[in-house]
Amino acid sequence: MTLQGWLQVGLTLLVGFLISIPVGRYLASVVMDRATALDRLFDPLDTCLYRLIGRRICARAMDWKAYTLHMLATNLFMAIIIFLILVFQDYLPLNPRHFTGMEPMLAFNTAVSFITNTDWQAYGGETTLSNFSQMAAITFPMFTSATTGFVVAMAFIRAFTVRDRGANLGNFYRDLIRFTTRVLMPAAFVLALPLIAQGEPQTLAAGVVAHTAQGAEQSIALGPVGSLESIKHLGTNGGGFFNANAAHPFENPTPITNLVQTLLMIVLPSSIVLCFGEMIGNRRQGWVLYGVMAAMLIVFLPAVVVPEQAGTPLLAKAGIETAATSHQPGGNMEGKEVRFGIVQSGLFAAVTTLFTTGSVNSMHDSYTPLGGMGTFIGMMLQCVFGGKGVGFLAALVFGIIGVFVAGLMVGRTPQFLGKKIEKPEIVLVALTLLIHPLVILAPTGWSVVAPYGVAAMANAAMHGYSEVLYAFTSSAANNGSAFAGLNAGTPWYTMATAAVILLGRYPPIIFMMALAGSVAAKPTTPATAGTLRTDTLKFGAFWLGTILVVGALTFLPALVLGPVAEFFAMKSGLLF
Amino acid sequence: MKMASDAGRVRMLLTILMLLILIGSFGLLAGLVYFCESVIEPPSTA
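So the protein sequences, as listed, match chains A and B.
Its first residue numbered 445, the first sequence is counted upward by one per residue in this note's numbering.
Its first residue numbered 446, the second sequence is counted upward by one per residue in this note's numbering.
Okay, here's the thing in structure tokens:
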């Protein structure tokens, strides 16, 4: 890595972290119903939406069960609408290229994928979807799915602050509307403007026809790209307008758009941690968790970038210059855009998987074995900031386990934020923790032995296995990026990834909301000299250790069979 | 002509099947909410 490369990584992270501080405080104001500068502008819109949904239901206090059931019902309703739009897009307007309706199985996969913030795409956007589908079935759920993850996390935090035994964890619809109108909608609108100014198309036109130097005609798709791009990254969604995602020059035309998109992926997941500190009235606790996540980020991010810049011995043996010079980037440039180079590609790949967005500006399948392995880590742990809301909840799961284990070790009553951690909480935490590896490892194991699973792999041996492992890891973590190489459009992978997406998203949310209900019903125990404090550096280190030990025990064997084995095979000259 | 109408019928059946799977999945998730309720012990009134 060159000094310039390290500076690019360091400055990007620094700017992202600095932005997260005021945004975290602003998010807390929105969630805690404090006045914001946007109230005068958006209060009338809120009122209209409350009327549309029903004033009574929007004013109702919801306990964990009501909140969760309303969240599920709303998500189902939207998923059905998205599914029907995709299947019947040929009967709907704004279809200038006259695309037929999407195949029902693929539409099911896509609807489930976009309603859950996964944005796994088993189709090519520019060759499959009308402009109406891109806007109503792709861009619209990017707002609602991002909001769903966020508001669930906020309801969870309220469980530690309410004094009514959990009768009121907020109102799902009110939270949904406030976060959309006060955060996502204005931010996505404003941020789309510089992206469009940098060259991203924003049009309802069908496209243009270009005449190539050989005299052939080339059809170049256009559409409402700019409006999709800002929410795609801000909401850690990741689904692209084009099949090549952020590697496409219309989705990510310049290094400036690349930087903006990278920062957008960082801002909300990191702000939420600080918002948590504000909400519980203990900023120090927020900073401890922030420190835990930032420490992991600083370690895992170079795990992607450094191996790519180092290249491979086989590239060097083939006579390719792997050292970066002023004339060429060195390292492994396969699958990367020349206009971004290795550091901006590696940084983007690390951020998109650690913050579980899923947008890609380079092809992860072409990464070196170790660089490729780095992209798995964030999705497997899910809490190196993770997605906004859900990543934060995953970190709290590890924190509660840490409290429980530490409490047992030192003989103190396990207590987290003033609430006693007892059997029901540990059962729910264990279920949350177990479902993630289960929905990754079980279908991966099945796919690499079933003939229909193996037939879809583009590469053999360890690399083919990594493609399958990545597909299910990405689906379970609601990331949505693809390692590529795997034909995800077969009936098996279409239905299996859809099932994993659903199981990776909702059961953990349900378990965590039940946990919220359980702790909210308990009285808050004042901290005493015998209480294990969770807002200290020492507990932060313990928290970090818990994440790393549990994460490594769970996923290291799976990684050894794929990228690690491939690394050693490559060292002996074997390629797949 | 017959093949086209058969394909259309299969497509419609698949559409209905996928819709039922979608609704059924969320039904199961709602069931999971009630399972979790049984995990949470009722708060002691003593």
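We put the beta carbon where it would ideally sit given N, CA and C, even for glycine.
None of the values given here were measured: they were computed from a predicted structure.
Q | Proximal chain B residues relative to Y950 of chain A, where beta-carbon distance stays under 9 Å | A | In the first sequence, counting from the first residue as 1, residue 950 of chain A sits at position 506. Within chain B, the residues near Y950 of chain A are S470, F471, L474, L477.
Q | Beta-carbon spacing of P881 of chain A, T998 of chain A below 7 Å | A | As a first step, residue 881 of chain A is located in the first sequence; it is residue number 437 there, counting from the start. As a first step, residue 998 of chain A is located in the first sequence; it is residue number 554 there, counting from the start. At a Cβ-Cβ threshold of 7 Å, P881 of chain A and T998 of chain A count as neighbours.
Q | Helix, strand or coil at I664 of chain A according to DSSP, with G and I counted as helix | A | Working through the first sequence from its first residue, we reach residue 664 of chain A at position 220. The answer is strand: DSSP assigns I664 of chain A an E or B state.
Q. Listed in chain order, which residues of the segment 515-531 of chain A have Cβ atoms closer than 7 Å to some Cβ of chain B?
A. Of all residues in the segment 515-531 of chain A, L516, L520, A523, I524, F527, V531 have a Cβ within less than 7 Å of some Cβ in chain B.
**Q.** Residues bridged to F471 of chain B [DSSP beta-bridge criterion]
**A.** Reading the second sequence from its first residue, position 26 is the one you call residue 471 of chain B. Partner(s): none; F471 of chain B has no beta bridge.
Q) Does L467 of chain B have its Cβ less than 7 Å from a Cβ in chain E? A) Any reference to chain E falls outside this structure, whose protein chains are A and B.
Q) According to DSSP, which residues form a beta bridge with K864 of chain A? A) Counting from one through the first sequence, the residue named residue 864 of chain A turns up at place 420. Answer is A:Q859.
Q. Can you name, in chain order, every residue of its own chain whose Cβ lies under 8 Å from the Cβ of L462 of chain A, other than the five neighbours on each side?
A. Here residue 462 of chain A refers to the residue found at position 18 when the first sequence is read from its first residue. The beta carbon of L462 of chain A lies closer than 8 Å to none in the same chain, with the five residues before and after it left out.
Q: Identify which residue in A:L814, A:Q646, A:S770, A:Q772 has its Cα closest to the Cα of G790 of chain A.
A: Here the question's residue 790 of chain A lines up with position 346 in the first sequence. For G790 of chain A, the nearest C-alpha among the options comes from A:L814.
**Q.** Continuous alpha helix (DSSP H) assignments of at least 4 residues falling wholly in the segment 724-786 of chain A
**A.** Taking only runs of at least 4 residues, the alpha helix (DSSP H) segments lying wholly in the segment 724-786 of chain A are 727-744, 746-754, 757-761.
Q. How big is the Cα-Cα spacing for I954 of chain A and M777 of chain A?
A. For the purposes of this step, residue 954 of chain A is taken as the residue at position 510 of the first sequence. For the purposes of this step, residue 777 of chain A is taken as the residue at position 333 of the first sequence. Roughly 43 Å between the two C-alpha positions.
Q. Taking the continuous beta strand (DSSP E) assigned at G651 of chain A, which residues delimit it?
A. By one-based count along the first sequence, residue 651 of chain A stands at place 207. First-last of the beta strand (DSSP E) with G651 of chain A: 651-655.
Q: Using 10 angstroms around the beta-carbon of Q658 of chain A, count the other beta-carbons present and answer buried if the total reaches 16, otherwise exposed.
A: One-based indexing of the first sequence puts residue 658 of chain A at position 214. Exposed is the call here.
Q.
Given this structure, state the Cα-to-Cα distance separating A517 of chain A from F471 of chain B, to the nearest angstrom.
A. Translated into the one-based positions of the first sequence, residue 517 of chain A becomes position 73. Translated into the one-based positions of the second sequence, residue 471 of chain B becomes position 26. Their Cα atoms are separated by approximately 8 Å.
Q: Inspect the beta-carbon positions of D507 of chain A and G610 of chain A and report whether they are closer than 7 Å.
A: In the first sequence, counting from the first residue as 1, residue 507 of chain A sits at position 63. In the first sequence, counting from the first residue as 1, residue 610 of chain A sits at position 166. Yes, the pair counts as a contact, with Cβ atoms nearer than the cut-off.
Q. Going by DSSP, what residues sit across from Q565 of chain A in a beta bridge?
A. The residue given as residue 565 of chain A occupies position 121 in the first sequence. BP columns for Q565 of chain A are empty, so no partner.
Q. Beta-carbon of V455 of chain B versus every beta-carbon of chain A: anything under 7 Å?
A. Numbered from 1 along the second sequence, position 10 holds the residue referred to as residue 455 of chain B. Not a single CB atom of chain A sits nearer than 7 Å to the CB of V455 of chain B.
Q. Tell me the DSSP bridge mates of Q705 of chain A?
A. Here residue 705 of chain A refers to the residue found at position 261 when the first sequence is read from its first residue. Partner(s): none; Q705 of chain A has no beta bridge.
**Q.** Spatially closest choice to M921 of chain A from A:L877, A:M901, A:S891, A:V963, by CA coordinates
**A.** Within the first sequence, numbered from 1, the residue matching residue 921 of chain A stands at position 477. Checking the sequence, you will find Ala at residue 921 of chain A rather than Met. Among A:L877, A:M901, A:S891, A:V963, the Cα nearest to that of A921 of chain A belongs to A:L877.
Q: Following the continuous alpha helix (DSSP H) through G989 of chain A, name the residue where it begins and the one where it ends.
A: Taking the first sequence and counting its residues from 1, the one referred to as residue 989 of chain A is at position 545. Looking at the DSSP string, the run of the alpha helix (DSSP H) that includes G989 of chain A is 981-1003.
Q.
With H, G and I counted as helix, E and B as strand and the rest as coil, what does DSSP make of G578 of chain A?
A. Along the first sequence, one-based indexing puts residue 578 of chain A at 134. The question names Gly, but residue 578 of chain A in the sequence shown is Gln. In the three-state DSSP reduction, Q578 of chain A falls in the helix class (H, G or I).
Q: With distances taken Cα to Cα, identify the nearest neighbour of T512 of chain A among A:D534, A:Q729, A:K982, A:V596.
A: Stepping through the first sequence from its first residue, residue 512 of chain A is reached at position 68. The residue with the shortest Cα to Cα distance from T512 of chain A is A:V596.
Q | Residues of its chain near S663 of chain A, where Cβ-Cβ distance is below 7 Å and the 5 sequence neighbours each way are ignored | A | The residue labelled residue 663 of chain A in the question sits at position 219 within the first sequence. Within the same chain, S663 of chain A has close Cβ partners G651, V653.
Q | Nearest-angstrom beta carbon gap, A928 of chain A and T941 of chain A [assumed within contact, 8 Å] | A | As a position in the first sequence, residue 941 of chain A is number 497, starting the count at 1. As a position in the first sequence, residue 928 of chain A is number 484, starting the count at 1. With 8 Å as the limit, T941 of chain A and A928 of chain A do not qualify as a contact, their Cβ atoms being about 14 Å apart.
Q. The alpha helix (DSSP H) with H677 of chain A in it runs from where to where?
A. For the purposes of this step, residue 677 of chain A is taken as the residue at position 233 of the first sequence. Counted as a single uninterrupted DSSP element, the alpha helix (DSSP H) harbouring H677 of chain A occupies residues 669-678.
(Q) Residues in the same chain with beta-carbon distance under 8 Å from L741 of chain A, minus the five sequence neighbours each way, listed in chain order, please. (A) Taking the first sequence and counting its residues from 1, one reaches residue 741 of chain A at position 297. Answer for L741 of chain A: L457, L798, V828, F829, listed in chain order.
Q | Rounded separation between V459 of chain A and V484 of chain B - CA only | A | If you number the first sequence from 1, residue 459 of chain A lands on position 15. If you number the second sequence from 1, residue 484 of chain B lands on position 39. Approximately 44 Å between the Cα atoms of the pair.
Q. Are G816 of chain A and P1001 of chain A touching if we call contact CB-CB under 7 Å?
A. Within the first sequence, the letter at position 372 stands for residue 816 of chain A. Within the first sequence, the letter at position 557 stands for residue 1001 of chain A. Between G816 of chain A and P1001 of chain A, the C-beta spacing is not below 7 Å.
Q. Going along chain B in order, which residues have a C-beta closer than 8 Å to the C-beta of I582 of chain A?
A. Along the first sequence, one-based indexing puts residue 582 of chain A at 138. Near I582 of chain A there are no residues of chain B at all, since even the closest Cβ is about 17 Å away, more than 8 Å.
Q: Under 8 Å between beta-carbons, which chain B residues line up against I954 of chain A? List them in chain order, please.
A: Taking the first residue of the first sequence as 1, we reach residue 954 of chain A at position 510. Ordered by position in chain B, the residues that pass the 8 Å Cβ test against I954 of chain A are L474, L477, V478, C481.
Q: Could you tell me whether any Cβ in chain B is nearer than 7 Å to the Cβ of V871 of chain A?
A: Your numbering for residue 871 of chain A matches position 427 in the first sequence. Nearest CB-CB separation between V871 of chain A and chain B: below the 7 Å threshold.
Q | Euclidean distance between Cα positions of I945 of chain A and S557 of chain A | A | Mapped onto the first sequence, residue 945 of chain A falls at position 501. Mapped onto the first sequence, residue 557 of chain A falls at position 113. One alpha carbon belongs to I945 of chain A, the other to S557 of chain A, and they sit about 7 Å apart.
(Q) Using only the alpha-carbon positions, how far apart do F616 of chain A and F694 of chain A sit? (A) The residue you call residue 616 of chain A lines up with position 172 of the first sequence. The residue you call residue 694 of chain A lines up with position 250 of the first sequence. Whole-angstrom Cα-Cα distance: 36 Å.
(Q) Looking at chain B, is there any beta carbon in it that lies within less than 7 Å of the beta carbon of L513 of chain A? (A) For the purposes of this step, residue 513 of chain A is taken as residue 69 along the first sequence, with counting starting at 1. Yes, its Cβ sits closer than 7 Å to a Cβ of chain B.
Q) Would L946 of chain A count as contacting chain B if we go by Cβ distances under 7 Å? A) Within the first sequence, residue 946 of chain A is the residue found at index 502, counting from 1. Chain B contact via Cβ: present.
Q) Can you find at least 3 beta carbon pairs, one from the segment 561-571 of chain A and one from the segment 678-689 of chain A, that sit closer than 8 Å? A) They touch, by the three-pair rule.
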